[in-house]
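Chemist: So for the sequence shown, the working numbering puts the first residue at 700; every next one is plus one.
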Amino acid sequence: YEGLSFGHSEKWIGRQMDQALVEATFKRPDIIRHLVANIDRCGWSIQDSKVECVAEIGKDASYWSSFAECYAPRVKASGLLDADIVDQWLVDQAENLDEGKFFASCNYYTLVAQKQVNENSK
């Protein structure tokens with residue numbers, strides 16, 4: 700979820716809110732990076748990978764607009780950003796949706812791995 704991104708007219712608010720949403724919502728948003736870097740140490744090898752970008756743009760947004768509504772309260776509760784900034788961010792997201800200017804996206808990753816077989820253990 701490190702790539703989670705919402706559009707916002709104030710770049711600094713958008714960036715801070717993106718980061719706050721990730722930190723307040725997910726335990727290990729960077730796990731894919733660590734998994735790729737260390738999977739071979741556990742006796743596995745990556746055979747394939749897939750990436751899916753889930754994005755909504757314009758007026759037809761339901762997944763990311765509901766995500767914003769559901770998880771913004773976690774940001775407020777965490778204290779990562781002032782409650783007023785979070786509230787204004789939510790208002791801006793709703794206005795962007797109404798005006799056809801909504802943007803949100805995130806990449807999701809899938810790895811296919813295989814356990815390496817040690818010829819000596821057969």
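Even for Gly, the Cβ is constructed at its ideal location relative to N, Cα and C.
Spatial neighbours of T724 within its chain, please: C-beta separation below 7 Å, excluding the five flanking residues on both sides.
Modeler: So the qualifying residues of the chain are Y770, R773.
Chemist: With a threshold of 8 Å, are at least 3 pairs of Cβ atoms found where one atom belongs to the region 739–750 and the other to the region 774–792?
Modeler: Judged by Cβ distances under 8 Å, the region 739–750 makes no contact with the region 774–792, as fewer than three pairs qualify.
Chemist: Got a sec? Which residues, its chain only, sit under 7 Å from G713 by beta carbon, not counting five neighbours each side?
Modeler: Once the five neighbours on either side are set aside, the close Cβ partners of G713 are F705, G706, H707.
Chemist: Find the nearest neighbour of K814 within the set F802, C741, F766, judged by alpha-carbon distance.
Modeler: With distances taken between Cα atoms, K814 lies closest to C741.
Chemist: What first and last residue would you give for the alpha helix (DSSP H) that runs through S764?
Modeler: 762–777 is the extent of the alpha helix (DSSP H) around S764.
Chemist: Check the Cβ-Cβ distances between S804 and every residue of chain D, and say whether any is below 9 Å.
Modeler: The structure shown contains no chain D; it is built from a single protein chain.
Chemist: When the Cβ atoms of the region 795–802 are set against those of the region 750–767, are three or more pairs found closer than 8 Å?
Modeler: The region 795–802, when compared against the region 750–767, does touch it at the 8 Å Cβ threshold.
Chemist: Compare the beta carbon distance of S777 and A803 with 9 Å and say whether it is the shorter of the two.
Modeler: No, these two residues do not count as a Cβ contact at 9 Å.
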